[in-house]
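Q: Just so you know, the sequence shown maps onto residues 1 to 70 in full-length UniProt numbering. Note that CB positions come from ideal geometry on N, CA and C, so glycine has one too.
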Amino acid sequence: MATIDTQDLRERIGRFRVLIIGRANAGKTTILRKVCDTTEDPEIYDTKGKKIDDAVVKCSIKLCQAPKER
Numbered sequence: 001m002a003t004i005d006t007q008d009l010r011e012r013i014g015r016f017r018v019l020i021i022g023r024a025n026a027g028k029t030t031i032l033r034k035v036c037d038t039t040e041d042p043e044i045y046d047t048k049g050k051k052i053d054d055a056v057v058k059c060s061i062k063l064c065q066a067p068k069e070r
């Protein structure tokens with residue numbers, strides 16, 4: 001299996017976009033971090049291309065993870 005040097009690939013391609021769709025806590029960010037070889041949080045944009053504030057995303061994640069009342 002051929003391997004590609006990450007740094008060489010970044011120099012040749014420069015910039016690219018990735019679309020990852022899935023349910024909450026499915027591992028989308030983990031996959032993105034692995035593909036990009038980073039530990040930083042990704043930049044998230046809405047459908048119109050406007051950057052979404054990280055605080056809004058983290059808040060909505062906490063709401064999704066909150067225990068449901070019975």
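State the CB to CB distance for the pair I20 and I13, rounded to an integer number of angstroms; the pair is presumed to be in contact (CB under 8 Å).
A: Position 20 of the sequence shown, counted from the start, is the residue given in the question as residue 20. Position 13 of the sequence shown, counted from the start, is the residue given in the question as residue 13. Incorrect: roughly 18 Å between the Cβ atoms, too far for contact.
Q: Report the three-state DSSP secondary structure of I44 (helix, strand or coil).
A: Counting from one through the sequence shown, the residue named residue 44 turns up at place 44. Looking at I44 - three-state DSSP - the assignment turns out to be coil, as it is neither helix nor strand.
Q: Looking only at its own chain, which residues have a Cβ that is under 7 Å from the Cβ of K28, when we skip the five neighbours before and after it?
A: As a first step, residue 28 must be located in the sequence shown, where it is residue number 28. I20, G22.
Q: Comparing C-alpha positions only, which one of L9, D54, R15 sits nearest to I44?
A: Residue numbering aside, residue 44 sits at position 44 when the sequence shown is read from its first letter. Of L9, D54, R15, the residue nearest in Cα terms is D54.
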